[in-house]
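Shown next, in structure tokens, is the structure this report addresses.
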Amino acid sequence: MKTKLDKFKHKILKSINCQAHSGDYSSLPKKLHNDLKLFLISQKITKLYSHQLQMFEAGENGEDAIITTATASGKTIAFLLPIIQRILQNPGIRILLIYPTKALAQDQMRNMEPFLDYFGRDRVEAGVYDGDTPPNERSRIRQRANLILTNPEMLHGSFLPNHSRYGFHHIFSKLTFVVIDELHVYRGAFGSHMANVMRRLQRVCKYYKSLPQFLLSSATIANPVELAKNICHRDFVLIDKDGSPRYEREIVLWQPPFVGDSPYRKKPEEEAATLIPDLVCNGDRFITFCQGRRQVEVVLKEARDKLMAVDGKPSLMKDLGDKVSGYRGGYTKNERKQIEKKLATGHLSGVISTNALELGIDIGDLEVVLLCGFPSTKASFWQQVGRAGRKGNSLAILFLDVGSVDQYIALNSNYLTDAQIENAIIDKDNLFIQLAHIRAAAAELPITLEDAAIFPDLGESIPVLLKANELKNEHGNFHWQGKEYPAGDFSLRNASQDTYKVIHRDTGTMITEMDESQAFREAYPKAIYIHDGLQYMVEELDLENRIVRVFSIDVNYFTVPFVETDVAIIRDFRSTQLPCSSVTFGDVKVAETVVAYKMVQFHNHQNLGYESINLRLVQELETEAIWYEIPPQVAKIFETHREYNFYRGLQHALLTAARMRTMATIEDMSATFFTNVQNYGHLQNSYILLYDLYPSGLGFTEKAFDFASEILNDAITLVQSCGCELGCPACVGDYFLNKDVVCWGLASMREEAEAPIEVQSYELPVAPREEKQFVLEDLPQKWDEFVKGLCDRGEKLGEFLAHIKKIKVQEESLQLSIASEFLAKWVLEKENKKKIEKTIRYYVSVPQKFCIDVVDVQSQDRTIEKIMRRYDDLKNI
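Structural data, given as structure tokens:
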């Protein structure tokens, strides 16, 4: 690396040196086919790494094997040797090589070219079969190819549903090996889907009387054999001793400085954008990893802005900005291929990417890796760090974020290098996922009694499908009679199938596509959407037609959504007592609503203010969760100081501890605070909820329930050991939350503890109803004053309540006079009723069983008839 870090040394916390080491070599095996041996010699390979020899021997012995060695350790040759050997012995066999992305399959095809050129297409034939493969090429691959490179989506949506058509039977009847690369990627929902795709694959193979052998490769994880067995439903041999040589690598921990005299630190992306111009100007080749699409575009824009100026003046080298590119999902196929090619050939100095380039795509020889924050798992960290240094020494810089894990690493850097690596967790029996694949399997082959051993919940699923008239019973087997292609009803990677197109208002061209969750969080009206460094403002989010209309704009800020969460308990399954609290595991319904957004200035990342969103953007999720009960004395004080929202500190610490304990990421598990509305007056019924971010759950919170006590202890330790003085985003999620108060709240679940003096001194000895300006009994007389106050404070329901001119109090209820029958029903819908009652409770002293009701409702049939006639008139214009 040519760039010197001397001028940044005040930001560097620590450097970790990973020493170089020599390789562990073995002679070419005696059983190796002579032609294959001659090929290796032609490539100047006269010895194998020890792990390559082990994989060859496992293949020869008919064993299912998984190899877990470092990035760039020759894993491709390790599994190619046994399968090419078998092809040379039996030219008619077929091998499926499954890669998690199309780009990786294409890249691996290029790596196989030397084999194919040497042996000739008449002896070893190969092809990439994905969504971009032309029809004539698909036909050739189905009919003749020995090596078929594909991805999970094609196997799920094309190979298996059409196993008896288009010549796919040639593949399944002669299938000898299944190779799955980058197994560690198959975790969470994606891994759970993959486990069920493998169930369907082996079911079809059994029909064609083939029994393929499985060869897998993975990054280093704690449970490779367990993960392999969960996904492939086989027992595996583990090959984990890395025999490849390593070059020297330096890992730098970079702590962003504080912004002026404030308690805020600069963002990792701002620091990365500051260093990138030095790398470009000095000729260092690099990759920058970001944790989201928005972050990629922010770093790209800020880096290009800085490259357009040298020493604060307009640069004479305007092409410098073109030496850096972004890379993420949302770019077109051609855009991504061009970026990969330019980076591999040196036309680009560097690329700023999501984890899309974390996998083994050939992007040339890089010297530097920049990481904008810790990438949620150590497995991903080492995969990203390994993208540089394949042919020489390398440097990796971790720009520490303000998050809990990053700041924990700042104090405990050995966390990165110790032997403990995360477990990859899947729930292969997730009911939501399993049912989707049972439907797909039924359309592939009739369901028989033997399938009960493949799908654990088959007995419960069949009656549901019979009732839906999708199955019919014929002689004891269940045949599919539903829609022709049930495999197309769901995605292996996203819970939502709804895709939104981003269309330029002025040109009508499609910029990209996104799923509904992304559209709600990134494409709300007036959001700034950034694509390939270009800014667009969202003019309209068309929910009906799933279209996002944007126009080009140039502003100095980007936008971040603000999300509100509502919780409903469906059922509880298990509960356990802590010394002063309880923890429950069960099913919940969580509704997330995007209600506002904040504008964040480029470069200094200052908050420019909030704007509300007038569109109803709600996503509901039924999933699994655990909830910690907050002790009554804690809830009482937290309610007294509601303006500080200490609940957020509790949920932040518990969520962080649960994620680290269960190896969940931000895509797997989230948290919120809620109160049992039916018994709102009892403050002991306040809870911190941790929930899986997938329908029916993925097993993360179920595992967390088993470690409920340990997670609480970890959360307390996390807050107590933080190096900050009062509280920060790392330990409690915010600079304005007192860490002593949050720690007391957590510790009070474990044992009775005296409240910190900071909150003791604020406690008032008077009853809660006397603290509030309004009392329920007096509200009819003070209604105008009450609703005016709501409007002045900007309460969302203020204007609606101000519209109601007549109210009365009846025992413990507040009765609203609403004439419109539809409006009355709308108000009494569960979510709306809950919001109104919550708003009134906050400002008014009310009884424990307070509720609202509606009176004076009148039929609006005549009005509705008029509206319908006017609507018909409008349609006929």
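In this text, residue positions in the sequence shown follow UniProt numbering: the first is 1, and each later residue adds one. Even glycine gets a Cβ: it sits at the ideal position worked out from N, Cα and C.
In angstroms with no decimal places, state the Cα-to-Cα distance between residue i and residue j.
i, j, result
"Glu60", "Ile352", "42 Å"
"Gly789", "Pro277", "52 Å"
"Lys11", "Lys266", "11 Å"
"Lys306", "Asn607", "21 Å"
"Asp853", "Lys830", "12 Å"
"Gly120", "Asn136", "20 Å"
"Ala591", "Glu450", "39 Å"
"His531", "His347", "21 Å"
"Lys14", "Val298", "27 Å"
"Leu797", "Glu777", "21 Å"
"Asp117", "Arg123", "10 Å"
"Val560", "Ser686", "29 Å"
"Asn146", "Phe177", "10 Å"
"Asp268", "Pro729", "Residue 268 is actually Pro in this sequence, not Asp. The alpha-carbon atoms of Pro268 and Pro729 are separated by roughly 14 Å."
"Asn594", "Ser22", "For the sequence presented, residue 594 should be read as Val rather than Asn. Rounded to the nearest angstrom, the two C-alpha atoms are 54 Å apart."
"Phe850", "Leu814", "8 Å"
"Leu683", "Thr640", "Model confidence at Leu683 stands at a pLDDT of 35, short of 50, so the residue's coordinates are unreliable; what they give is reported in the following sentence. Going by the C-alpha atoms only, they are around 11 Å apart."
"Phe56", "Pro212", "16 Å"
"Leu431", "Ile462", "13 Å"
"Lys301", "Ser325", "10 Å"
Compare the Cα-Cα distances from residue i to each of the options and report the closest residue.
i, options, result
"Gln106", "Leu655, Tyr129, Ile426", "Tyr129"
"Leu253", "Lys589, Pro456, Phe381, Phe573", "Phe381"
"Arg285", "Gln848, Tyr691, Glu367, His21", "Glu367"
"Gly733", "Asp406, Ile425, Met537", "Asp406"
"Leu779", "Leu816, Asp668, Glu302, Cys580", "Leu816"
"Leu370", "Glu271, Arg304, Val464, Asn430", "Glu271"
"Lys739", "Asp706, Tyr644, Glu811", "Tyr644"
"Cys290", "Ala273, Met510, Ala228", "Ala273"
"Gln518", "Gly533, Val583, Gln619, Ala442", "Gln619"
"Tyr842", "Ile547, Gly727, Lys772", "Lys772"
"Cys281", "Ala487, Gln255, Met308, Glu302", "Met308"
"Ala440", "Asn423, Ile711, Asp427, Leu458", "Leu458"
"Glu539", "Phe551, Phe573, Asp64, Arg234", "Phe551"
"Lys703", "Arg793, Ile807, Trp744, Val583", "Val583"
Based on the DSSP secondary-structure assignment, which residues constitute the bridge partners of residue i?
i, result
"Glu629", "Tyr687"
"Gln577", "Ser582"
"Asp107", "None, per the DSSP bridge assignment."
"Ile352", "Thr288, Gly326"
"Val252", "Ser15, Ile397"
"Cys205", "Answer is none; Cys205 lacks a bridge partner."
"Val298", "Answer by DSSP bridge pairing: none, since Val298 is not bridged."
"Met599", "Thr559, Gly609"
For residue i, does the count of other Cβ atoms within 10 angstroms reach 16, so buried, or fall short, so exposed?
i, result
"Lys526", "exposed"
"Lys7", "exposed"
"Glu460", "exposed"
"Ala417", "Ala is not the amino acid found at residue 417; the sequence shown has Thr there. When all chains shown are included, Thr417 counts as exposed."
"Ile637", "buried"
"Ser42", "exposed"
"Ile877", "For Ile877, the predicted model reports a pLDDT of 37, less than 50, meaning its position is unreliable and no value from the coordinates is stated."
"Thr3", "buried"
"Gln383", "buried"
"Met154", "buried"
"Lys75", "buried"
"Lys483", "exposed"
"Ile77", "buried"
"Lys9", "exposed"
"residue 878", "A question about residue 878 goes unanswered here, because the residues of the chain that appear run from 1 up to 877."
"Pro134", "exposed"
If you check the beta carbons only, do residue i and residue j fall under 8 Å apart?
i, j, result
"Glu516", "Arg294", "no"
"Thr565", "Thr701", "no"
"Tyr691", "Ser670", "yes"
"Gly92", "Lys174", "yes"
"Tyr647", "Pro161", "no"
"Gly609", "Met599", "yes"
"Ile613", "Val548", "no"
"Ile148", "Arg200", "no"
"Ile433", "His184", "no"
"Leu104", "Ile361", "yes"
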